[in-house]
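So that you can map any letter, position 151 of the sequence shown is 151 in UniProt numbering, and since no number is skipped, the others follow by simple counting.
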Amino acid sequence: MSFIALLTGALLWLVGLSLRRGIFTSYRAHRRSWEYWWPYAAFTFGGLGTLSTFGFVTATADQVALLRMAPLVILGLPMVAQSLLRGARITGSGFFLLLLFSIFGAFTLAGDAFLMPLSSLLILLPGMITPSAGYSSSALRAGTADAVRAFILILALLTVLMPHELLGPCRFDKCSIWGEALGAVGTGNALGLYLAAMGPITLLSSRGRYAGMLVIAGSFVLVDLTSSRSAIGTWLAGIVLALAYTASVKYSARWIIGAATACTAVAVAVMPFLNWNAGQFTGRVELWRRALDIVADDPLFGFGPSFWVGQDRTNTFTGNYATHNLFTEILVSSGVVGLTFLTLAVMLAIRRKSGLLLSQYVLAIVGVWLAISITEVVSAPGRTYLVPGIFAFIFMTSHATARTVKTDESEATRLGTPASAVRRR
């Protein structure tokens, strides 16, 4: 039954993505642009990296990190070089991100490992140094949707070829509604988080009620199959944000998605301080308490992005864990000062005047990023987390414009979207 459910969920999601129409459909001309291939690489290889927890993969942690990071750096550096040749600018968000990374740099000078923060900075560069004309919003969205489509096809193919390697018994304390798990005994948690993030993100670019319903249904089936409770919670929050975005667009009311994103931000900040029982959230409560105790020793600048992973394996958690909450993660790595720089960078990305439709989309992407950061750290500055491209994608979309590749206007008109609407967006 789980085998059929997985293939059905994959098919529903793929059909939903294929029903996209309007200016965000991926045209052939998009594939000649950097801003198409960067998100394509970010979300294809980000998904592939989550399969490293499955038994049939023998890659080391360093090899998996390289898989997630290298394509983004290889594509990102030429993008930045091209931007510099065409009158690039360091954005306001980029300035505050540089200040944040200066804190990380100070810790590396003091002897901390430098490779992880350097990798994180290189991944972020296309969002910090942008072309004067901005990126193409339609190309960014097309690359994202096509990346998810490619990964779902790979996942379905692997399931057909080696079903017993992907599907297996559930962990004793949680299971999918199908009685089996995509990732035996809880090994599909990372995959579940990736799917939980990409479901809402692809829903943001779906066009039409039926396409959206298919994306929701297909992504739910796949997320549920991973038997990850944090992924299910993340997916639900992300879908609510995507629906809030849809309402904002329909009624031209930016405050709807703004309020939803603000509530999500509050949830991220408040979660570690609530009076949870120690055993709740699969040990995360102990992680949060330990993180807050650590921060109290140096609340201003924290201890660097490599501090947490370098700790001894004490207090019943493994030393390579993140703190499983964005708020505590940033406090540990860069303190209140770093958290302030990060907040200002994101606020400037949100406040950038790029037109109502694009500004609503940026708010929604920020909201989804925050939703996956309540009980996990999936994408953040300082280290290469599960899907490092999500955080950088925020700043690239915030500096996207209605500029499209040359064929977009004629193609959109052919599909029934007025040319004036293309220019406005």
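Note that beta-carbon positions come from the ideal geometry of N, C-alpha and C, so glycine has one too.
Here the structure is a predicted model, which is why all the values come from computation and not from measurement.
Rounded C-beta distance between residue i and residue j? I'm assuming under 8 Å.
{"i": "VAL80", "j": "ILE129", "result": "5 Å"}
{"i": "LEU241", "j": "THR261", "result": "7 Å"}
{"i": "THR91", "j": "PHE395", "result": "7 Å"}
{"i": "THR340", "j": "ALA291", "result": "Actually they do not touch by this definition, with Cβ atoms about 18 Å apart."}
{"i": "PHE393", "j": "PRO39", "result": "6 Å"}
{"i": "LEU300", "j": "VAL336", "result": "6 Å"}
{"i": "SER2", "j": "GLY279", "result": "Actually they are not in contact, since the Cβ atoms of SER2 and GLY279 sit about 28 Å apart, beyond 8 Å."}
{"i": "LEU12", "j": "ALA217", "result": "5 Å"}
{"i": "SER206", "j": "GLY16", "result": "6 Å"}
{"i": "ALA371", "j": "GLY238", "result": "5 Å"}
Quick check on residue i: does DSSP put it in helix, strand or coil?
{"i": "ILE257", "result": "helix"}
{"i": "ASN315", "result": "The predicted model places ASN315 with a pLDDT of 43, which falls under 50 and marks its position as unreliable; any figure quoted below should be read in that light. In this structure, ASN315 counts as coil in the three-state DSSP scheme."}
{"i": "LEU356", "result": "helix"}
{"i": "GLU44", "result": "Note that residue 44 is Thr in the sequence shown here, rather than Glu. Reduced to three states, the DSSP call for THR44 is helix."}
{"i": "LEU386", "result": "coil"}
{"i": "ILE372", "result": "coil"}
{"i": "ALA400", "result": "strand"}
{"i": "ALA81", "result": "helix"}
{"i": "ALA380", "result": "coil"}
{"i": "ARG32", "result": "helix"}
{"i": "LEU6", "result": "helix"}
{"i": "ARG209", "result": "helix"}
{"i": "ALA184", "result": "helix"}
{"i": "ARG351", "result": "helix"}
{"i": "residue 426", "result": "With the chain represented from 1 up to 425, any question about residue 426 goes unanswered, as that position is not in the structure."}
{"i": "PHE56", "result": "coil"}
{"i": "MET198", "result": "helix"}
{"i": "LEU19", "result": "coil"}
{"i": "MET69", "result": "helix"}
{"i": "ALA392", "result": "helix"}
So, for residue i: in the same chain, excluding its five sequence neighbours on each side, which residues have a beta-carbon less than 7 Å away from its beta-carbon?
{"i": "ARG68", "result": "PHE45, GLY46, GLY49, THR384 and PRO388"}
{"i": "ILE256", "result": "ALA244, ALA247 and SER248"}
{"i": "ILE177", "result": "ASP224"}
{"i": "LEU356", "result": "SER252 and ARG254"}
{"i": "LEU140", "result": "GLU35, PRO39, MET396, THR397 and ALA400"}
Kindly list the residues whose CB is nearer than 8 Å to the CB of residue i, restricted to its own chain and excluding five residues on each side of it in sequence; keep chain order.
{"i": "VAL160", "result": "LEU7"}
{"i": "THR375", "result": "SER230, GLY233, THR234, MET271, PHE281, ARG284, HIS324 and ASN325"}
{"i": "PHE317", "result": "In this prediction, PHE317 scores a pLDDT of 42, lower than 50, which makes its location untrustworthy; the coordinate-derived value is nonetheless stated afterwards. So the qualifying residues of the chain are GLY283, GLU286, LEU287 and ARG290."}
{"i": "THR53", "result": "GLY183, THR187, GLY188, ASN189, ALA190 and LEU191"}
{"i": "PHE96", "result": "PHE341, LEU342, LEU344, ALA345 and LEU348"}
{"i": "LEU99", "result": "PHE341"}
{"i": "ARG86", "result": "PRO131, SER132 and ALA133"}
{"i": "VAL295", "result": "GLY302, THR328, LEU331, VAL332 and GLY335"}
{"i": "ARG89", "result": "ILE129, THR130 and SER132"}
Apart from the five residues on each side of it in sequence, which residues of its chain come closer than 6 Å, Cβ to Cβ, to residue i?
{"i": "GLY94", "result": "MET128"}
{"i": "PHE56", "result": "GLU165"}
{"i": "ASN189", "result": "SER228"}
{"i": "ASP112", "result": "GLY304 and SER306"}
{"i": "SER373", "result": "VAL268 and LEU326"}
{"i": "ALA259", "result": "none"}
{"i": "SER18", "result": "none"}
{"i": "TRP37", "result": "LEU75"}
{"i": "LEU222", "result": "GLY9 and LEU195"}
{"i": "ARG351", "result": "none"}
{"i": "ALA42", "result": "LEU72 and GLY389"}
Kindly indicate if chain E contains any beta-carbon less than 8 Å away from that of residue i.
{"i": "GLY233", "result": "The structure shown contains no chain E; it is built from a single protein chain."}
#### Entry: At least 3 beta-carbon pairs within less than 8 Å: the segment 171 to 189 vs the segment 200 to 213
no
### Query
Does the segment 260 to 267 come close enough to the segment 364 to 371 to have 3 or more Cβ pairs within less than 8 Å?
yes
### Query
Is the segment 111 to 126 touching the segment 57 to 76 in the sense that three or more CB pairs, one from each, lie closer than 8 Å?
yes
#### Entry: Secondary structure, alpha helix (DSSP H): runs of 4+ residues fully inside the segment 94 to 179
115 to 128, 137 to 161 and 163 to 166
### Task
Any chance you could list the alpha helix (DSSP H) runs of at least 4 consecutive residues sitting entirely within the UniProt domain "O-antigen ligase-related" (217 to 342), in chain order?
229 to 251, 254 to 270 and 284 to 295
### Segment contact, 8 Å Cβ cut-off, at least three pairs: the segment 146 to 160 with the segment 97 to 114
no
### Query
Per the contact definition of three or more C-beta pairs closer than 8 Å, is the segment 110 to 121 in contact with the segment 375 to 382?
yes
### Query
When the Cβ atoms of the segment 218 to 235 are set against those of the segment 190 to 198, are three or more pairs found closer than 8 Å?
yes
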